[in-house]
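**Student:** Take a look at the following structure, please.
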Amino acid sequence: MPTSKRLNVAVVGATGLVGNEMLRVLAERNFPSARVVALASERSKGLTVPYNGSSLEVEEIKESAFKGIDVALFAASGDIALMYGPVAAESGVLVIDNSSAWRMKDNVPLVVPEVNPDDIPQNEGIIANPNCCAIPLAVILNPIKQKAGLERVLVSTYQSASGAGRMLVEELEEQTKAIADGKTPSVAAYPYQLAHNVVPGGWHPEAGGYNEEEVKIVNETRKILHEPELRIAATCVRVPVPVGHGESVFIETKDKITADEVRTLLGSAPGVIVQDDPHAKLYPTPHGVAGTDEVYVGRIRDDASARHGFLLWIVSDNLRKGAALNAVQIAEQAIEMGAVGTVKA
Ligand SMILES: NC(=O)c1ccc[n+]([C@@H]2O[C@H](COP(=O)([O-])OP(=O)(O)OC[C@H]3O[C@@H](n4cnc5c(N)ncnc54)[C@H](OP(=O)(O)O)[C@@H]3O)[C@@H](O)[C@H]2O)c1
Numbered sequence: 000m001p002t003s004k005r006l007n008v009a010v011v012g013a014t015g016l017v018g019n020e021m022l023r024v025l026a027e028r029n030f031p032s033a034r035v036v037a038l039a040s041e042r043s044k045g046l047t048v049p050y051n052g053s054s055l056e057v058e059e060i061k062e063s064a065f066k067g068i069d070v071a072l073f074a075a076s077g078d079i080a081l082m083y084g085p086v087a088a089e090s091g092v093l094v095i096d097n098s099s100a101w102r103m104k105d106n107v108p109l110v111v112p113e114v115n116p117d118d119i120p121q122n123e124g125i126i127a128n129p130n131c132c133a134i135p136l137a138v139i140l141n142p143i144k145q146k147a148g149l150e151r152v153l154v155s156t157y158q159s160a161s162g163a164g165r166m167l168v169e170e171l172e173e174q175t176k177a178i179a180d181g182k183t184p185s186v187a188a189y190p191y192q193l194a195h196n197v198v199p200g201g202w203h204p205e206a207g208g209y210n211e212e213e214v215k216i217v218n219e220t221r222k223i224l225h226e227p228e229l230r231i232a233a234t235c236v237r238v239p240v241p242v243g244h245g246e247s248v249f250i251e252t253k254d255k256i257t258a259d260e261v262r263t264l265l266g267s268a269p270g271v272i273v274q275d276d277p278h279a280k281l282y283p284t285p286h287g288v289a290g291t292d293e294v295y296v297g298r299i300r301d302d303a304s305a306r307h308g309f310l311l312w313i314v315s316d317n318l319r320k321g322a323a324l325n326a327v328q329i330a331e332q333a334i335e336m337g338a339v340g341t342v343k344a
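Under numbering that gives the first Met the number 0, read the sequence shown as residues 0 to 344, first letter to last.
Below, the structure written as structure tokens:
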């Protein structure tokens with residue numbers, strides 16, 4: 000990293016799943032920080048969160064908490080991002096937000112560093128981190144787009160409990176234990192029992208029978224890839240898995256490309272690991288990739304039902320590449336581009 004300046008970093012939502020993971024990723028990657036501040040709600044004031052072999056005391060978020068901060072990684076709700084993002088940005092902080100509040104705004108870059116790093120300098124103080132399924136999908140689609148052009152994409156997701164935050168992870172654990180103990184599991188954090196189940200919903204309904212998650216995947220993938228007219232549709236499903244989102248994807252290209260060519264192409268794509276040998280039982284699973292950084296792809300097959308089409312299966316850790324890691328990678332890329340470190344206040 001070219002800068003020698005060490006930066007002051009704030010993690011907003013430091014007590015949550017993504018915030019915890021951000022602190023872990025910052026330490027693991029030896030992010031050039033002088034000071035790291037953990038912020039959360041008033042409820043968490045005075046609690047501690049683990050950081051770099053030690054712990055940080057959690058402070059309550061307030062406007063003054065951003066004084067002297069260079070980079071703020073937001074991992075709280077959209078409301079918090081809307082309330083504090085502009086305040087922080089106006090005082091010279093580079094805000095990288097994980098909520099969906101800013102993602103589709105014109106003056107806010109929506110960035111996956113392997114795909115569209117050149118959008119970073121267009122920021123006006125806020126950069127958005129995309130949806131946890133849109134990130135791995137864009138990482139896989141970008142090299143295919145460059146090689147053969149994209150005609151149409153259909154995606155079905157298999158999303159883990161952690162994608163909905165800490166409460167659903169805890170509820171899934173409790174439900175699984177209750178079932179094992181012969182008891183009736185309680186249901187509070189999600190519309191249906193998730194243990195021993197698969198739920199094709201749980202997100203806010205939108206027009207046409209879609210839900211907000213499906214709309215996010217469509218709109219954000221188009222924005223990241225600079226393909227505003229891309230023909231793409233999604234079906235989102237929650238599965239009883241703690242960490243790691245799967246995506247079954249059909250891709251139709253403008254030019255012909257075979258499954259073998261796709262396998263070779265993705266084998267050298269940045270941030271991608273191909274695991275594709277069904278005879279050797281080699282294909283990615285959420286359990287197998289949880290805790291790792293890359294986007295994994297397997298089950299790459301020609302689709303005989305399409306003119307230029309193929310199918311594949313993607314898995315990535317939603318808390319890392321789908322959220323915390325991608326946000327830290329954006330910060331690292333912004334540092335390289337000289338887009339951070341000019342604190343005004
Ligand atoms: N989970 C994923 O896979 C994923 C992926 C991509 C994006 N995201 C997005 O990342 C964000 C965090 O998700 P998560 O899964 O980490 O959720 P989570 O585990 O439920 O954590 C939520 C965090 O927000 C904080 N918070 C809540 N109300 C607050 C307030 N009034 N002021 C300050 N902080 C407040 C919480 O602090 P307290 O402990 O003090 O309540 C907690 O630290 C969400 O916007 C989510 O959509 C999540």
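C-beta atoms are modelled at their ideal positions from N, C-alpha and C, and glycine is treated no differently.
(1) Does the Cβ of Val17 lie closer than 7 Å to at least one heavy atom of ligand 2?
(2) Taking Arg262 as the reference, which of Tyr282, Asn106, Lys253, His244 has the closest Cα?
(3) For ligand 1, I want to know if Ala179 counts as a neighbour, meaning its beta carbon is within less than 7 Å of at least one of the ligand's heavy atoms.
(4) How would you label Ala303, buried or exposed, when you count the other beta carbons within 10 angstroms and need 16 or more for buried?
(5) Secondary structure at Val240, three-state DSSP: helix, strand or coil?
(6) Using only the alpha-carbon positions, how far apart do Val339 and Pro31 sit?
(7) So which of Asp254, Ser267, Ala179, His244 has the shortest CA-CA distance to Ala289?
(8) Specify the secondary structure class of Asp301 as computed by DSSP and reduced to three states.
(9) To which residues of the same chain is Asp118 closer than 8 Å at the C-beta, ignoring the five residues directly before and after it?
(10) Please confirm if the stretch 272 to 287 is in contact with the stretch 307 to 315, defined as three or more CB-CB distances below 8 Å between the two stretches.
(11) Look up Ser159 in the DSSP assignment and say whether it is helix, strand or coil.
(12) Would you check if the stretch 319 to 330 and the stretch 164 to 176 touch, i.e. whether three or more CB-CB distances between them fall below 8 Å?
(13) Ignore the nearest five residues each way along the sequence and tell me which others in Glu123's own chain have a CB closer than 6 Å to its CB.
(14) Would you say Asp276 and Ile299 are within 8 Å of each other, going by their C-beta atoms?
(15) So which of Val236, Ala333, Lys253 has the shortest CA-CA distance to Gly162?
(16) Just grab the DSSP bridge partners of Arg165 for me.
(17) Check whether the Cβ atoms of Asn128 and Asp96 sit closer than 8 Å, and answer yes or no.
**Tutor:** With the structure as the only source:
(1) Here the bound small molecules are ligand 1; ligand 2 is not part of this structure.
(2) Residue numbering aside, residue 262 sits at position 263 when the sequence shown is read from its first letter. Ranking Tyr282, Asn106, Lys253, His244 by Cα distance to Arg262 puts Tyr282 first.
(3) Translated into positions along the sequence shown, residue 179 becomes position 180. False, no ligand heavy atom lies under 7 Å from that Cβ.
(4) Counting from one through the sequence shown, the residue named residue 303 turns up at place 304. Result: exposed.
(5) Along the sequence shown, one-based indexing puts residue 240 at 241. Of the three classes helix, strand and coil, the one that applies to Val240 here is coil, per DSSP.
(6) Your numbering for residue 339 matches position 340 in the sequence shown. Your numbering for residue 31 matches position 32 in the sequence shown. Their backbone Cα atoms lie some 12 Å apart in a straight line.
(7) Taking the sequence shown and counting its residues from 1, one reaches residue 289 at position 290. Nearest of Asp254, Ser267, Ala179, His244 to Ala289, Cα basis: His244.
(8) In the sequence shown, counting from the first residue as 1, residue 301 sits at position 302. Asp301: strand per DSSP, three-state reduction.
(9) As a position in the sequence shown, residue 118 is number 119, starting the count at 1. So the list reads Pro108, Leu109, Val110, once near-sequence residues are dropped.
(10) yes
(11) Within the sequence shown, the letter at position 160 stands for residue 159. Of the three classes helix, strand and coil, the one that applies to Ser159 here is coil, per DSSP.
(12) no
(13) Residue 123 sits at position 124 when you count from the first residue of the sequence shown. These residues qualify, in order along the chain: Asn106.
(14) The count along the sequence shown starts at 1 and reaches residue 276 at position 277. The count along the sequence shown starts at 1 and reaches residue 299 at position 300. The answer is no: Cβ separation not under 8 Å.
(15) Here residue 162 refers to the residue found at position 163 of the sequence shown. The shortest Cα separation from Gly162 among Val236, Ala333, Lys253 belongs to Val236.
(16) Within the sequence shown, the letter at position 166 stands for residue 165. DSSP, once it has assigned bridges, lists no residue as partnering Arg165.
(17) Residue numbering aside, residue 128 sits at position 129 when the sequence shown is read from its first letter. Residue numbering aside, residue 96 sits at position 97 when the sequence shown is read from its first letter. The answer is yes: Cβ separation under 8 Å.
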